[in-house]
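Those protein sequences? They're chains A and B, same order as listed. For the first sequence, our numbering assigns the number 1327 to the initial residue and increments by one for each residue that follows. For the second sequence, our numbering assigns the number 147 to the initial residue and increments by one for each residue that follows. Where a beta carbon is used, it is the ideal one built from N, C-alpha and C, also for glycine.
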Amino acid sequence: MSGTLTVEGIYTAYDKANVLEDVSLEAEKGKITCLLGSNGSGKSTLIRSILGLTPPNQGRIGFAGTTLTGLPTHKVIATGIACIPEGRKVFPKLTVEENLRLGGYQESSPAVITERLDKVYETFPRLRERKDQLAGTMSGGEQAMVSIGRGLMSAPKLLLIDEPSLGLSPLLVKENFNIIRGINELGITIFLVEQNVHQTLAIADFGYVLTKGRVVASGTPEKLSKTTEVHQAYFG
Amino acid sequence: MSTALSVVVDATLITLILALAAFGLAIIYGLVGVINMGHGAMLTLGAYLTWAATTAGLPFVISIFLAAAGVAVIGLLLEHIVIRSFYDRPFDTLLLTWGFFLVSTEVIKIVFGTDLRNVANPVPGAFDLGGIQIPAYRTMIAGCSLLLIAGSALVFFYTALGIKIRALIQNREMASLLGLDVSRMYKLVFVTGSFMAGLAGALISPMLSVDPYIGNIFLVRSFFVVIIGGIGHLLGGTLIGSFLIGGSETLFALFSGQVFAQTAVFAVAIVVLRFRPHGVLRSG
């Protein structure tokens, strides 16, 4: 289906040791799909494989009718994918507004960029107050806002989000998950990679569990929260 | 009094001329991390291409831009054929650009011979400032140097391209995640640095006799400028580094011979780096 992300039987290796083995999954258009797994399960590697940063050796990844496998990163992004990376990765020595503008630089019309910028500032009024501040001097929570806003500036069809809760207080985590749900309600497909089981399953439509590089369980949040794999994935 | 004034004027001119010579190196080293040992050869090529173009009867202004464009094309070929596969390996790029220096120096000898060539000074004469004679052409190059650095500052800080370049040097992977074509940006930076080196060589050519090693006169000083100023501090670093190197050389030359002055500059560089190992503008 167009607008759906499909991962079919991929193997990805670092230094010849497979990190991902025969991983297949699907992030359905318009839905929130999550991938749960503990540290070292291969979650971030999967994101890197989709983005072409660490290309898989085998298998196929497709999005909106395009095969992504083998494309350089900037062409993967050009198909309408944006990424909110682990650890937020704002550009510390650029201002908030410069960070946001970079997210939307592929759009050539200044009017459209201004419109998107306004939308981001509506969602995060604090960013408007601090638009000329260097992003590196802001708090973790504020940097998370910059990172999310930057991801939205390209008006993506699919948003990949890697561990948004990492390093944030429980209150901020809750706020961020509400925002993610809000983004999804605008019609943006979301693929969310997380360790935080309960908050994630609370907003997801469908989920997968990754353990040692393999998908060991999948299903609706109701089903997943009952299965033993989720518990095993975290508590061994 | 007039000695003091003449030292100030000399130091200012030398600072700006050094900054011009080092700028291409600072761009390539500071932005894409390649220690360009071929920088001297690029200066030399700029000088020879200027000589060839003016000898063919072209006006000086057109000649220098043709020369700079020629060096930019050579830089493009070097980047496209060799360097682009080695960006993450600084030691390899150092050897590869050193190889480029050796090859191009030999090619220059074959094509142009080893005789000294002279590019006619397009702005001969001097003007008088409070009793000191200031060479007009040097003043003009110093002005060009200021313009180039100021123009680059505008691009770097106030344009969309500048934001992209700054993002790229802060986090290359994240820049690619925003859809930036990183390899194309690297190419653009390398070619711009080559163009600046070619232009510097072209502008310097009327001041000195052109021989196959003219660029080397500036190579070591250019490295000092970039390292002392602080790698990655393109504009301020280049100016401060040039001021320390050029200024101290002018001062030492006042009390001693030229050879001693040039040696003393090494000592200055060593002392500065002892206390500011990452350059004047970089802390930690």
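Counting along the chain, B/Ala272 sits inside the beta strand (DSSP E) bounded by residues Ala272 to Leu275. Its Cα nearest to that of A/Gln1521, the residue A/Asn1365 stands out among A/Asn1365, A/Thr1338 and A/Val1499. Scanning chain A for C-beta atoms nearer than 9 Å to the C-beta of B/Ile210 yields nothing, as the closest lies near 34 Å away. Secondary structure of B/Ile160 (DSSP, three-state): helix. The beta carbons of B/Val337 and B/Gly221 sit closer together than 7 Å.
In summary, the residues of the region 1404-1430 of chain A whose CB is separated from some CB of chain B by less than 7 Å are Ala1404, Cys1409, Pro1411, Lys1415, Phe1417, Pro1418, Lys1419, Leu1420, Glu1424, Arg1427, Leu1428 and Gly1429, in the order they occur in the chain.
Identification of chain A residues near B/Lys310 by a Cβ-Cβ cut-off of 9 Å yields Leu1428 and Tyr1431, ordered along the chain. If you keep only unbroken alpha helix (DSSP H) runs of at least 4 residues inside the region 305-377 of chain B, you get 306-316, 318-323, 328-350 and 360-375.
DSSP links A/Cys1360 through a beta bridge to A/Leu1518 and A/Gly1533.
Straight across, the Cα-Cα distance linking B/Ile254 with B/Arg422 is about 38 Å.
Chain A places a beta carbon closer than 7 Å to that of B/Gly325, counting this residue as a contact.
The contact set of B/Glu319 on chain A, defined by CB atoms closer than 7 Å, consists of Leu1379 in chain order. From the listed residues B/Ser209, B/Met342 and B/Tyr304, the smallest Cα separation to B/Pro268 is found for B/Ser209.
In chain order, Thr1399 and His1400 make up the part of chain A whose C-beta sits under 7 Å from the C-beta of B/Ser322.
Nearest neighbour of A/Lys1415 by Cα position, chosen from A/Arg1507, A/Asp1488, A/Asn1502 and A/Val1519, turns out to be A/Asp1488. Using beta-carbon distances, B/Ala313 counts as an interface residue toward chain A, with a partner under 7 Å.
The Cβ neighbour count for A/Lys1342, taken over all protein chains shown within 10 Å, is under 16; the residue is labelled exposed. With respect to B/Ala343, B/Leu189 sits close: the two C-beta atoms are nearer than 7 Å.
For B/Gln408, no Cβ of chain A is located within less than 7 Å of the residue's own Cβ. A/Asn1510 counts as buried, since no fewer than 16 other beta carbons sit within 10 angstroms of its beta carbon. Under the three-state reduction of DSSP, A/Arg1386 is assigned to strand.
Taking a Cβ-Cβ threshold of 7 Å, the residues of chain A close to B/Ala306 are Tyr1431, in chain order.
Excluding residues up to 5 positions away in sequence, Asn182, Met183 and Gly184 lie with their Cβ nearer than 6 Å to the Cβ of B/Thr243 in the same chain. Here the region 322-332 of chain B makes no contact with the region 1438-1447 of chain A; the two share fewer than three CB pairs at distances below 8 Å. In the DSSP assignment, the residues bridged to A/Leu1486 are A/Cys1409 and A/Phe1517. Excluding the 5 residues flanking it on each side, B/Val155 has same chain C-beta neighbours closer than 8 Å at Leu275, Ile278 and Ile280, in chain order. Among the residues of chain A, none has a CB under 8 Å from the CB of B/Gln404; the nearest is roughly 41 Å distant.
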